[in-house]
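Visitor:
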Amino acid sequence: MMMMMMSRSGGNRVANTAVLVAKGEVGGSNQWGCLVRAVYGGGVRNGSSLALSEKENEKHVVEKKVDAGGNKEENKIVSYWGVQPSKITKQDGTEWKWNCFRPWETYKADLSIDLKKHHAPLTFLDKMAYWTVKSLRYPTDLFFQRRYGCRAMMLETVAAVPGMVGGMLLHCKSLRRFEHSGGWIKALLEEAENERMHLMTFMEVAKPKWYERALVITVQGVFFNAYFLGYLLSPKFAHRMVGYLEEEAIHSYTEFLKELEKGNIENVPAPAIAIDYWQLPPDSTLRDVVMVVRADEAHHRDVNHFASDIHYQGRELREAAAPIGYH
0 MMMMMMSRSG
10 GNRVANTAVL
20 VAKGEVGGSN
30 QWGCLVRAVY
40 GGGVRNGSSL
50 ALSEKENEKH
60 VVEKKVDAGG
70 NKEENKIVSY
80 WGVQPSKITK
90 QDGTEWKWNC
100 FRPWETYKAD
110 LSIDLKKHHA
120 PLTFLDKMAY
130 WTVKSLRYPT
140 DLFFQRRYGC
150 RAMMLETVAA
160 VPGMVGGMLL
170 HCKSLRRFEH
180 SGGWIKALLE
190 EAENERMHLM
200 TFMEVAKPKW
210 YERALVITVQ
220 GVFFNAYFLG
230 YLLSPKFAHR
240 MVGYLEEEAI
250 HSYTEFLKEL
260 EKGNIENVPA
270 PAIAIDYWQL
280 PPDSTLRDVV
290 MVVRADEAHH
300 RDVNHFASDI
310 HYQGRELREA
320 AAPIGYH
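Numbering (numbering that gives the first Met the number 0), first residue to last: 0 to 326.
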């Protein structure tokens with residue numbers, strides 16, 4: 000009972016003091032600190048100072064700086080955990096400025112790949128996959144027409160989904176069955192990341208309108224769930240459909256190149272992110288970017304048709320070595 004009265008008395012004294020401070024009858028922070036110490040014996044002031052110091056250490060952020068190329072650099076938040084990224088440099092010793100990918104993830108695209116290869120649909124599932132992709136092409140042509148930059152943006156938003164879905168489902172399957180995937184988890188996630196880099200590149204070239212962004216959100220949401228269900232029901236159908244989707248992507252980028260060569264689309268300098276990712280020459284143009292992206296799509300076409308063939312033979316993907324790093 001005595002403790003409760005003391006607690007109430009102390010609380011009232013702090014409340015009364017706060018009123019005095021608000022009215023200006025107590026002046027200065029020193030007097031406020033003295034009054035708090037009088038109530039709680041000085042523990043509150045010391046504890047609050049310590050908490051403030053910890054918050055400052057955890058949430059201290061260095062100001063953003065902008066380099067000569069206009070790229071914003073954000074220094075990492077300084078925190079108690081001390082997780083700091085290592086400093087990475089290029090081969091010439093200059094600092095690596097990209098956080099979304101590292102120098103060892105860059106490569107030179109294989110432009111010699113056969114772009115005309117096609118899998119003739121023979122089975123019912125193959126024909127279903129083929130005509131599903133074909134049916135998606137017509138509304139895309141109608142909506143984007145010859146705005147190939149925005150068209151590429153939409154295409155890459157969709158194309159980056161299958162690798163992520165397939166890799167995720169194989170990952171879960173590997174955990175359930177306590178078995179390796181034969182490298183296919185990494186191969187499919189690598190494909191998804193590559194397609195995402197295509198999107199990041201074309202975002203530097205095309206400036207999508209608000210309704211195109213809204214369409215991307217809608218299409219991605221529908222396609223992700225549809226492909227997820229399709230992969231659960233029939234992986235061979237899912238991979239075959241992606242193979243045909245990549246064939247359509249090759250066709251779209253070929254048309255993109257024709258428009259560039261005719262001068263209907265300005266052949267602007269290649270974005271810096273594309274130059275570093277594909278190890279392109281510094282004077283590369285949009286045409287060079289489209290060519291390496293088209294080559295990537297041809298490789299993804301081969302990988303997915305190959306994966307579908309494995310399933311058609313009644314075998315699992317882990318029984319065949321995955322084409323990791325196939326560019």
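For glycine and all other residues, C-beta sits at the position ideal for the given N, C-alpha and C.
Note that the structure is a prediction, hence the values are computed from the model and not measured.
Taking the CB atoms as reference points, tell me whether I274 and P281 lie closer together than 8 Å.
Guide: In this structure, P281 lies closer than 8 Å to I274 by Cβ.
Visitor: Would you kindly work out how many angstroms separate the C-alpha atoms of N193 and A159, rounded to a whole number?
Guide: Cα-Cα distance, rounded: 8 Å.
Visitor: Taking just the CA atoms, how far does D125 sit from V218?
Guide: Looking at the two C-alpha atoms, the distance is approximately 23 Å.
Visitor: Under a three-way DSSP split, which group does S8 fall into?
Guide: Interpretation of S8 is limited by its pLDDT of 48, a score under 50 that renders its predicted location unreliable; no figure is taken from the coordinates.
Visitor: I'd like to know if the segment 221-232 and the segment 292-300 are in contact, where contact means that at least 3 CB-CB pairs between them fall below 8 Å.
Guide: No, because fewer than three Cβ pairs between the segment 221-232 and the segment 292-300 fall closer than 8 Å, the two stretches do not touch.
Visitor: According to the neighbour-count rule (16 or more other Cβ atoms, all chains shown, within 10 Å of its Cβ), is E265 buried or exposed?
Guide: Result: exposed.
Visitor: Taking Cβ positions, are F255 and Y147 nearer each other than 8 Å?
Guide: Yes, the pair counts as a contact, with Cβ atoms nearer than the cut-off.
Visitor: Identify whether E318 lies in helix, strand or coil by the three-state DSSP scheme.
Guide: Three-state result, E318: helix.
Visitor: Pull up the CB-CB distance for V221 and M153, whole angstroms please, since I reckon it's below 8 Å.
Guide: The Cβ separation is near 13 Å, so there is no contact.
Visitor: Return the CA-CA distance between W103 and F143, expressed in angstroms with no decimal places.
Guide: Approximately 36 Å between the Cα atoms of the pair.
Visitor: Give the DSSP bridge partners of T327, in chain order.
Guide: This structure gives no information on residue 327, because the portion of the chain shown stretches from 0 to 326.
Visitor: State the DSSP-derived secondary structure class of A102, mapped to helix, strand or coil.
Guide: First, the amino acid is wrong: residue 102 is Pro here, not Ala. Here P102 sits in helix by DSSP.
Visitor: Taking only three categories from DSSP, how would you classify P120?
Guide: The answer is coil: DSSP assigns P120 none of H, G, I, E or B.
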